[in-house]
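J.: Dropping the structure in here first, questions after.
Number of protein chains: 2
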Amino acid sequence: MAMDSRKIEEILEKKGVRVTSIRILVMDALMSASRPMSLSDLETVLDTVDKSSIFRTLEVFEKHHAVHSIDDGTGSVKFEVCEGEEECTVSDMHAHFYCEKCHKTFCLKEINAPVVDLPEGFEMHSVNYIVKGVCRSCSRKMA
Amino acid sequence: MAMDSRKIEEILEKKGVRVTSIRILVMDALMSASRPMSLSDLETVLDTVDKSSIFRTLEVFEKHHAVHSIDDGTGSVKFEVCEGEEECTVSDMHAHFYCEKCHKTFCLKEINAPVVDLPEGFEMHSVNYIVKGVCRSCSRKMA
DNA sequence: TGATGAATTGCAACCGGGTTGCGGCAGCCC
DNA sequence: GGGCTGCCGCAACCCGGTTGCAATTCATCA
Chain A
0 MAMDSRKIEE ILEKKGVRVT SIRILVMDAL MSASRPMSLS DLETVLDTVD KSSIFRTLEV
60 FEKHHAVHSI DDGTGSVKFE VCEGEEECTV SDMHAHFYCE KCHKTFCLKE INAPVVDLPE
120 GFEMHSVNYI VKGVCRSCSR KMA
Chain B
0 MAMDSRKIEE ILEKKGVRVT SIRILVMDAL MSASRPMSLS DLETVLDTVD KSSIFRTLEV
60 FEKHHAVHSI DDGTGSVKFE VCEGEEECTV SDMHAHFYCE KCHKTFCLKE INAPVVDLPE
120 GFEMHSVNYI VKGVCRSCSR KMA
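Note that the protein sequences, when read in sequence, are chains A and B.
Under numbering that gives the first Met the number 0, the first residue of the first sequence carries the number 0, and numbering increases by one thereafter.
Under numbering that gives the first Met the number 0, the first residue of the second sequence carries the number 0, and numbering increases by one thereafter.
This is the structure we're talking about:
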């Protein structure tokens, strides 16, 4: 419960999402986390809330562009709060880093996902750019 | 059975993979396909072969750098034959395109996955670059 | 305030990709 | 042949994600 729930209500309303207590909980968890969270991450944090409720909440959030999902190739989709007022566009999407040691996914907010030119006739909707490797703290530990 | 099985045996041997009839079948299927194949794609094509055998075969291939896997964010990992003699490096990895209409994954062989600079201390092992959208033939159909 | 209908939630069951244990079989070396 | 090793098929399992359904909550309006 890191954030003022009034603030969160405002955000939800601005995105056109009806406010409920569960939605506040989920949004709060997502905003308080420093990293993208998976469904089961959220399940762990919000252990009073049913998995399917979290799932459907995320569906609603995503439809209203309050969050976006990223696939870091671990087999579990991660969710992240959209920055700014309007919906995320391709060029907003930043790169992500997945650590093969500690299995955490990091946002590389300062690095935009590079956009390539597609062959004629292909239409781009979104980009996923994932780097896999070893993160800073793990590579330090190993040295 | 598009390829000469002698050729396939040679390839497997060169990668240090013991040759068996199933491994020839799997490698043949992968090489004959124009697109990356998932475990269940292979299951369908090779309907006489057990899923777990294909799975373990792919494990062996991957360990010996005969194939590499890509995650296109569909929830099923795809496999692709490594080009060339030695193992794939990060800079070899090309971009992939996932069509949200026909649910096919395309290799954009001519487009290398762009490589970004990581923050200090992060160590890169591999890159996944996936563009999602609508492919040429689907966008033609819709017009 | 109370009734009504729509939206939300919890529960349980399901689905499908991926994974594993195990027993049987094939190939190889002695 | 006997024994060893590795490969294969079967069945069962795991887990993230998803759905049907009944119960609850919420907003609205009489």
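Backbone N, C-alpha and C define an ideal beta-carbon position, used for all residues, glycine too.
#1: A/S75 CB to nearest chain B CB: under 7 Å?
#2: Whole angstroms are fine: how far does the CA of B/M26 sit from the CA of A/S94?
#3: At a CB-CB cut-off below 9 Å, which residues of chain A make contact with B/E138?
#4: What distance in whole Å lies between the Cβ atoms of A/P35 and A/K77, which are believed to be in contact at a cut-off of 8 Å?
#5: Please say whether B/I110 and B/G72 have beta carbons closer to each other than 7 Å?
#6: Taking the C-alpha atoms as reference points, what is the distance between B/K62 and A/G74?
#7: My output table needs one value for A/A28: the three-state DSSP class, helix, strand or coil.
#8: Is it right to say A/R22 is buried, meaning 16 or more other beta carbons lie within 10 angstroms of its own, or is it exposed?
#9: Alpha carbon to alpha carbon, what distance is there between B/V66 and B/L29?
#10: From the DSSP secondary-structure annotation, give me the bridge partner or partners of A/V80.
#11: So which of A/R135, A/C137, A/N127 has the shortest CA-CA distance to B/I69?
#12: Would you kindly report the start and end of the unbroken alpha helix (DSSP H) that includes A/S125?
#13: Mapping the DSSP letters down to three states, classify A/C137 as helix, strand or coil.
#14: Give me whichever residues DSSP pairs with A/C106 in a beta bridge.
#15: Name the DSSP beta bridge partners of B/S39, please?
#16: Measure the Cβ-Cβ separation of B/E122 and A/S138 and say whether it is below 7 Å.
#17: Contact check, A/V59 vs A/V115 under 8 Å by CB: the rounded distance?
#18: Going by C-alpha to C-alpha distance, which of A/S125, A/F105, A/S52, A/K103 sits closest to A/P113?
#19: Does B/D40 have its Cβ less than 7 Å from a Cβ in chain A?
#20: So, A/L45 versus A/L24, is the Cβ gap smaller than 7 Å?
#21: B/E99 versus chain A: which residues are under 7 Å apart at the beta carbon?
#22: Could you compute how far the alpha carbon of A/H64 sits from the alpha carbon of A/K131?
#23: Report the rounded CA-to-CA distance for B/F105 versus B/S31, giving the unit in angstroms.
#24: Which chain A residues are close to B/P35, counting only those with a beta carbon under 8 Å from its beta carbon?
#25: Buried or exposed: where does B/C134 fall if 16 or more other Cβ atoms within 10 Å of its Cβ makes it buried?
#26: If we define contact as Cβ-Cβ less than 7 Å, is A/C134 a contact residue for chain B?
#27: Between A/V115 and chain B, is any beta-carbon pair separated by less than 7 Å?
#28: Applying a beta-carbon distance threshold of less than 9 Å, which residues of chain B neighbour A/A28?
T.: The short version:
#1: As a first step, residue 75 of chain A must be located in the first sequence, where it is residue number 76. No, because no Cβ of chain B sits closer than 7 Å to the Cβ of A/S75.
#2: Against the first sequence, residue 94 of chain A aligns to sequence position 95. Against the second sequence, residue 26 of chain B aligns to sequence position 27. Rather than Ser, the amino acid found at residue 94 of chain A in this sequence is Ala. Looking at the two C-alpha atoms, the distance is approximately 33 Å.
#3: As a first step, residue 138 of chain B is located in the second sequence; it is residue number 139 there, counting from the start. In the sequence as displayed, the identity of residue 138 of chain B is Ser instead of Glu. Within 9 Å Cβ-Cβ: G120, F121, E122.
#4: Locating residue 77 of chain A in the first sequence gives position 78, where the first residue counts as 1. Locating residue 35 of chain A in the first sequence gives position 36, where the first residue counts as 1. Confirmed, about 4 Å.
#5: As a first step, residue 72 of chain B must be located in the second sequence, where it is residue number 73. As a first step, residue 110 of chain B must be located in the second sequence, where it is residue number 111. No, these two residues do not count as a Cβ contact at 7 Å.
#6: Mapped onto the second sequence, residue 62 of chain B falls at position 63. Mapped onto the first sequence, residue 74 of chain A falls at position 75. Using only the alpha carbons, I get a separation of about 20 Å.
#7: What you label residue 28 of chain A is simply residue 29 of the first sequence in a count that begins at 1. A/A28: helix per DSSP, three-state reduction.
#8: By 1-based counting over the first sequence, the position of residue 22 of chain A is 23. Buried, since its Cβ has 16 or more Cβ neighbours within 10 Å.
#9: Here residue 29 of chain B refers to the residue found at position 30 when the second sequence is read from its first residue. Here residue 66 of chain B refers to the residue found at position 67 when the second sequence is read from its first residue. Our two residues, B/L29 and B/V66, have alpha carbons roughly 9 Å apart in a direct line.
#10: In the first sequence, counting from the first residue as 1, residue 80 of chain A sits at position 81. Its beta-bridge partners are A/V66.
#11: In the second sequence, residue 69 of chain B corresponds to position 70, counting from 1. Taking only the C-alpha atoms, the option nearest B/I69 is A/N127.
#12: Within the first sequence, numbered from 1, the residue matching residue 125 of chain A stands at position 126. Run containing A/S125: none in the alpha helix (DSSP H); it sits in the beta strand (DSSP E), 122 to 133.
#13: Taking the first residue of the first sequence as position 1, residue 137 of chain A is located at position 138. Three-state DSSP puts A/C137 in a helix.
#14: On the first sequence, position 107 is the one that residue 106 of chain A refers to. Its beta-bridge partners are A/H95.
#15: In the second sequence, residue 39 of chain B corresponds to position 40, counting from 1. Answer is none; B/S39 lacks a bridge partner.
#16: One-based indexing of the second sequence puts residue 122 of chain B at position 123. One-based indexing of the first sequence puts residue 138 of chain A at position 139. With contacts defined by Cβ atoms closer than 7 Å, B/E122 and A/S138 form a contacting pair.
#17: For this step, residue 59 of chain A is matched to residue 60 along the first sequence. For this step, residue 115 of chain A is matched to residue 116 along the first sequence. Actually they do not touch by this definition, with Cβ atoms about 32 Å apart.
#18: Your numbering for residue 113 of chain A matches position 114 in the first sequence. Nearest option by C-alpha distance: A/S125.
#19: Taking the first residue of the second sequence as 1, we reach residue 40 of chain B at position 41. No - not a single Cβ of chain A is within 7 Å of the one on B/D40.
#20: Taking the first sequence and counting its residues from 1, the one referred to as residue 45 of chain A is at position 46. Taking the first sequence and counting its residues from 1, the one referred to as residue 24 of chain A is at position 25. Yes.
#21: Against the second sequence, residue 99 of chain B aligns to sequence position 100. What B/E99 touches in chain A: H124.
#22: Numbered from 1 along the first sequence, position 65 holds the residue referred to as residue 64 of chain A. Numbered from 1 along the first sequence, position 132 holds the residue referred to as residue 131 of chain A. Rounded to whole angstroms, A/H64 to A/K131 spans 27 Å at the Cα level.
#23: Taking the first residue of the second sequence as 1, we reach residue 105 of chain B at position 106. Taking the first residue of the second sequence as 1, we reach residue 31 of chain B at position 32. If you take the alpha carbons of B/F105 and B/S31, they lie about 14 Å apart.
#24: For this step, residue 35 of chain B is matched to residue 36 along the second sequence. Simply none; closest approach about 14 Å.
#25: In the second sequence, counting from the first residue as 1, residue 134 of chain B sits at position 135. Counting Cβ neighbours within 10 Å, B/C134 comes out buried, since at least 16 surround it.
#26: By 1-based counting over the first sequence, the position of residue 134 of chain A is 135. By this cut-off, A/C134 is an interface position.
#27: Along the first sequence, read from residue 1 onward, the residue named residue 115 of chain A stands at position 116. With 7 Å as the cut-off, A/V115 counts as an interface residue toward chain B.
#28: Counted from its first residue, the first sequence places residue 28 of chain A at position 29. Those within 9 Å of A/A28 in chain B number zero; the least Cβ separation is about 23 Å.
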